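Numbering (the numbering used here), first residue to last: 1 to 319.
Glycine included, each C-beta is placed from N, C-alpha and C at the ideal position.
Quantities reported herein were computed from a predicted structural model and do not represent experimental measurements.
This report concerns only the one structure given below.
Structure, rendered in structure tokens:
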């Protein structure tokens with residue numbers, strides 16, 4: 001790959017001798033070996049998340065009664081789901097989900113795992129989605145095992161930057177791994193190009209500042225909470241987290257059929273809640289450059305229990 005959208009780089013194979021020479025070149029900032037990243041979902045067993053982000057106070061009982069939202073939420077906005085793909089034939093997408101690009105070598109243009117379809121459903125499906133009129137575009141960077149090479153994932157981000165209009169686009173990015181500066185640079189470059197990127201804090205129960213691209217300067221990093229407004233046991237924490245959202249036992253679209261649904265847990269599930277909120281605000285006239293401030297200022301404050309120090313006590317809210 002040649003990376004030329006916002007930052008300059010490439011993914012290449014080279015022998016040790018060539019590598020040694022490349023390290024000495026004056027215009028090379030760094031060289032990293034390729035590595036594996038993964039989606040941030042955990043399979044557990046409540047369609048409660050939508051209700052929680054539309055009420056200031058937690059609703060009684062395990063099944064929250066209602067989701068309050070703008071009926072035109074997401075109109076004219078495209079959410080790019082950089083993930084394992086999307087089951088675009090699922091009836092709950094109502095024809096609004098399309099295929100964009102596939103960077104997983106040798107894999108078909110389908111979601112073989114279900115992680116991406118679930119995230120897409122939370123962002124914008126008819127039943128489970130936050131922004132029910134937004135369009136969805138699948139950018140496949142994770143394979144059947146919910147893992148992918150950093151080089152492919154960076155290429156996916158670059159594809160969106162090159163092909164999308166930041167004025168009416170949101171990136172939902174429920175992927176991450178150990179610190180990897182090229183991935184951070186790719187997210188920062190997307191931001192500099194005008195894109196809002198909702199990024200999973202990941203599920204390692206540690207400081208999100210040790211995770212790429214959650215730690216990236218311009219990631220909008222999302223932690224996870226449960227139905228009781230408790231920090232999810234698995235959720236990463238710290239000053240690199242900007243906000244939290246529903247991420248435990250979230251029901252959304254599945255891949256088993258065109259009508260399938262499934263429960264999943266993870267900061268991956270919280271991230272598309274925020275992407276959907278971003279799409280909602282964009283459709284209401286908020287500028288891309290103002291999305292971060294709008295989402296933070298609108299968030300419900302000081303209701304999350306069990307947060308670690310330096311983690312903002314902000315729960316995503318759809319306004």
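Note that the C-beta distance between residue 37 and residue 150 is below 7 Å. Secondary-structure assignment with DSSP links residue 286 through no beta bridge to anything.
Beta-bridge annotation (DSSP): residue 2 is paired with 10.
Residue 197 is not a Cβ neighbour of residue 211, given a cutoff of 7 Å. Taking all protein chains in view, the Cβ of residue 66 is surrounded by fewer than 16 other Cβ atoms within 10 Å, so the residue is classified as exposed. In the DSSP assignment, residue 224 falls within the unbroken beta strand (DSSP E) covering 220 to 225. Secondary structure at residue 138: strand, using DSSP grouped into helix, strand and coil. Residue burial annotation: residue 185 is buried, with at least 16 other C-beta atoms found within 10 angstroms of its C-beta. For residue 267, the closest C-alpha among the options 260, 256, 261, 246 is that of 246.
Counting only the Cα atoms, residue 107 lies some 23 Å from residue 91.
By the criterion of a C-beta distance shorter than 7 Å, residue 286 is surrounded in its chain by 294, once the five residues flanking it on both sides are discounted.
If you compare the alpha carbons of 200, 159, 208, 225 with that of residue 193, the shortest gap goes to 159. In this structure, the CA atom of residue 257 is about 35 Å from the CA atom of residue 291. In this model, residue 76 and residue 20 are separated by some 49 Å (Cα to Cα). A residue is called buried once 16 or more other Cβ atoms fall within 10 Å of its Cβ, and residue 29, having fewer, is exposed.
Excluding sequence positions up to five before and after residue 215, its CB lies within less than 6 Å of the CB of 209, 240, all in the same chain and listed in chain order.
In chain order, 236 place their CB closer than 7 Å to the CB of residue 206, counting only its own chain and leaving out the 5 sequence neighbours on each side.
Contact between residue 104 and residue 152 holds, since their C-beta atoms are separated by about 6 Å, short of 8 Å. From the listed residues 243, 69, 131, the smallest Cα separation to residue 310 is found for 243. When the Cα atoms are used, residue 10 and residue 71 turn out to be separated by approximately 43 Å. DSSP, read as helix, strand or coil, puts residue 48 in coil.
Residue 201 and residue 12 have their alpha carbons spaced roughly 29 Å apart. Comparing alpha carbon positions, the residue from 109, 219, 238, 83 closest to residue 89 is 109. In this structure, residue 232 lies away from residue 273, with their beta-carbon atoms at least 7 Å apart. A residue is called buried when at least 16 other Cβ atoms come within 10 angstroms of its Cβ; residue 56 does not meet this threshold and is exposed. DSSP, read as helix, strand or coil, puts residue 181 in helix. Excluding five sequence positions before and after residue 68, the CB atoms of its chain that fall closer than 6 Å to its own CB belong to 54, given in chain order. The Cβ atoms of residue 116 and residue 83 sit closer than 7 Å to each other. About 7 Å separates the CB atoms of residue 250 and residue 263; that is less than 8 Å, so the two are in contact. Under the three-state reduction of DSSP output, residue 281 falls in the helix class. For residue 190, the number of other beta carbons within 10 angstroms of its own is at least 16, and it is reported as buried. Ranked by Cα distance from residue 144, the first of 125, 48, 119, 112 is 112. A straight line joining the alpha-carbon of residue 31 with that of residue 25 spans about 11 Å. Going by C-alpha positions, residue 6 is about 21 Å away from residue 78. Rounded to whole angstroms, the gap between the alpha carbons of residue 314 and residue 275 is 15 Å.
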